[in-house]
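What follows is a set of notes on a single structure, which appears directly below.
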Amino acid sequence: RDDSLDKGLRRDVTHRYLRELLKAENSLLYRDLERNTAGGSGWYYKLERENRLVYALFSDFDRAVSLDVYKPIGDGTREILQDKRESTVDEYNKRRLTEQEKEEGYIYSDPLFVGIQYFDLLVREAFKQKVDWHVWLSYYESFTREICRNYRITEYSDPDAEWPNDYSRLLYEMISNMRDWIHMMEEEASPDIDNKPGDASWVVNVSSDEEPETQSECRSDTENDGEQEEPSEHISESENDSQEYGDYIGLTSTNLDKNDKNIPGATAIAIFSCHKEILSTPSIPTKFKAYITMSVFECVLDLRKYERGSLQWKYSELMLNCLKDNLSDERTDQSYKQSLVSVYEEEFNGHPEYGVRSEIRTNDLQGTGLVSDLDEIIGYES
Numbered sequence: 089r090d091d092s093l094d095k096g097l098r099r100d101v102t103h104r105y106l107r108e109l110l111k112a113e114n115s116l117l118y119r120d121l122e123r124n125t126a127g128g129s130g131w132y133y134k135l136e137r138e139n140r141l142v143y144a145l146f147s148d149f150d151r152a153v154s155l156d157v158y159k160p161i162g163d164g165t166r167e168i169l170q171d172k173r174e175s176t177v178d179e180y181n182k183r184r185l186t187e188q189e190k191e192e193g194y195i196y197s198d199p200l201f202v203g204i205q206y207f208d209l210l211v212r213e214a215f216k217q218k219v220d221w222h223v224w225l226s227y228y229e230s231f232t233r234e235i236c237r238n239y240r241i242t243e244y245s246d247p248d249a250e251w252p253n254d255y256s257r258l259l260y261e262m263i264s265n266m267r268d269w270i271h272m273m274e275e276e277a278s279p280d281i282d283n284k285p286g287d288a289s290w291v292v293n294v295s296s297d298e299e300p301e302t303q304s305e306c307r308s309d310t311e312n313d314g315e316q317e318e319p320s321e322h323i324s325e326s327e328n329d330s331q332e333y334g335d336y337i338g339l340t341s342t343n344l345d346k347n348d349k350n351i352p353g354a355t356a357i358a359i360f361s362c363h364k365e366i367l368s369t370p371s372i373p374t375k376f377k378a379y380i381t382m383s384v385f386e387c388v389l390d391l392r393k394y395e396r397g398s399l400q401w402k403y404s405e406l407m408l409n410c411l412k413d414n415l416s417d418e419r420t421d422q423s424y425k426q427s428l429v430s431v432y433e434e435e436f437n438g439h440p441e442y443g444v445r446s447e448i449r450t451n452d453l454q455g456t457g458l459v460s461d462l463d464e465i466i467g468y469e470s
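Going by the working numbering, the final residue of the sequence shown carries number 470, and the count climbs one at a time with no gaps.
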């Protein structure tokens, strides 16, 4: 870095530089991200000094904050999506990034994928450095909204494919990354590093008559109207979580405002915000909506496999409260609930066992009661 520049000028130079790198296919940004996200261990990427750009940006997160490194890539990625809406032909409604004959590395030549991966690296590195706030991850919500506005099934799409078009692939990548961000918390809070999530010794009787508390509206950072959320009635217990695990992982409050959440808390809210946007989009095939719903609900199930009252269990309750809030919000488009009920209850291609409810029930080997909770929230009647 150049310390001869004042903070404001250094930030402006960095922003202009990163914006230009995002526009230039196979630039240093593209190459560094491909090299760094191709390796690593556990939930983290290997941040190497040789990859000078991303190392300079993320190796010291205080520097990342001072330079607002989220903004040029976040805004630039969103602008690319907005520009696609004005174009005559949107190539992301084709299947360029999902064609089997192309090498997997091909996707790293795509600016939207690079923007998504940039935030994935940013969030993982922030969590690794125990950053205790949301680090702008709500950009994934913004990307999801723009993608859903652009999404179309065309003659070049395949509605029956795992990824019907390239936008589907990008939506999947964001949901998958957010699942990983929650799993980082799951692993960090595990009581015994020799055990794995789902080990029987971690599970107790999970049946309970308690209902999750109704929470206030899930909202994105960029759309917060400044209204203050009511404090949680269990804040003292949440403070104990932070003291035991650290602010970067503890559930500091159970309201649904991301602005006072750490990375796993904000992610739990954001993933259901994105899920709502996807299921509310008529042009997205039902099969893909079911695929995304299954992925999100399985993330909740992974957290329910821990002992009731554990930090992981509390995060699962936060996620269910987000689902409940999405459904109870008067401003929610009815298409969201209709799509959710459809993928949760109904059969696919004549096979009722392919429904999300049946899949979750089958995968809940420890009897955590998640299906019963989902039935009540969604309004399923057998």
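A virtual CB, placed ideally from N, CA and C, is assigned to each residue, including glycine.
(message) Could you tell me the alpha carbon to alpha carbon distance between Arg235 and Tyr228, rounded to whole angstroms?
(response) It should be pointed out that residue 235 corresponds to Ile in this sequence rather than to Arg. Cα to Cα, the separation comes out at about 10 Å.
(request) Taking the CB atoms as reference points, tell me whether Arg173 and Asn253 lie closer together than 8 Å. (result) no
(message) If you measure between the beta carbons of Ile337 and Lys346, is that distance less than 8 Å?
(response) Contact flag unset, no.
(message) Am I right that Leu200 and Pro160 are in contact with their C-beta atoms under 8 Å? What's the rounded C-beta distance?
(response) 15 Å between Cβ atoms; not a contact.
(request) At 4 residues or longer, and completely inside the stretch 192-234: list those alpha helix (DSSP H) runs for me, N to C. (result) 199-216
(request) To the nearest angstrom, report how far apart Tyr118 and Ile366 are at their CA atoms. (result) Whole-angstrom Cα-Cα distance: 27 Å.
(request) Note the first and the last residue of the continuous alpha helix (DSSP H) segment covering Ala358. (result) Counted as a single uninterrupted DSSP element, the alpha helix (DSSP H) harbouring Ala358 occupies residues Ile351 to Leu367.
(request) Quick one: residues in its chain with C-beta nearer than 7 Å to the C-beta of Gly397, no 5 flanking neighbours on either side, listed in chain order? (result) none
(message) Considering only the alpha carbon of each residue, which of Ser245, Met273 and Lys218 lies closest to Thr186?
(response) Ser245
(request) Please determine, among Leu344, Gly164, Ala249 and Trp131, the residue with the shortest C-alpha to C-alpha distance to Glu276. (result) Trp131
(request) Output yes or no for whether 8 Å exceeds the beta carbon distance between Lys377 and Ser423. (result) no
(message) Considering just the uninterrupted stretch of the alpha helix (DSSP H) at Val512, what are its terminal residues?
(response) Nothing about residue 512 can be reported from this structure: the residues present for the chain run from 89 to 470 only.
(request) Would you please verify whether the beta carbon of Lys159 is less than 8 Å from any beta carbon of chain C? (result) Here there is only one protein chain, and chain C is not present.
(message) Need the endpoints of the alpha helix (DSSP H) that Ile372 sits in, please.
(response) Run containing Ile372: none; DSSP gives neither H nor E here.
(request) Go through its chain and collect everything with a Cβ distance to Ser416's Cβ below 6 Å, but skip five positions before and after it. (result) none
(message) Judging by CA-CA distance, which residue of Arg140, Gly193 and Asn238 is the nearest neighbour of Ser175?
(response) Asn238
(request) Identify the continuous alpha helix (DSSP H) that holds Gln426 and give its terminal residues. (result) Gln422 to Glu433
(request) Identify which residue in Leu259, Lys364 and Ser226 has its Cα closest to the Cα of Val431. (result) Lys364
(message) Going by DSSP in three states, Gln454 sits in which element: helix, strand or coil?
(response) coil
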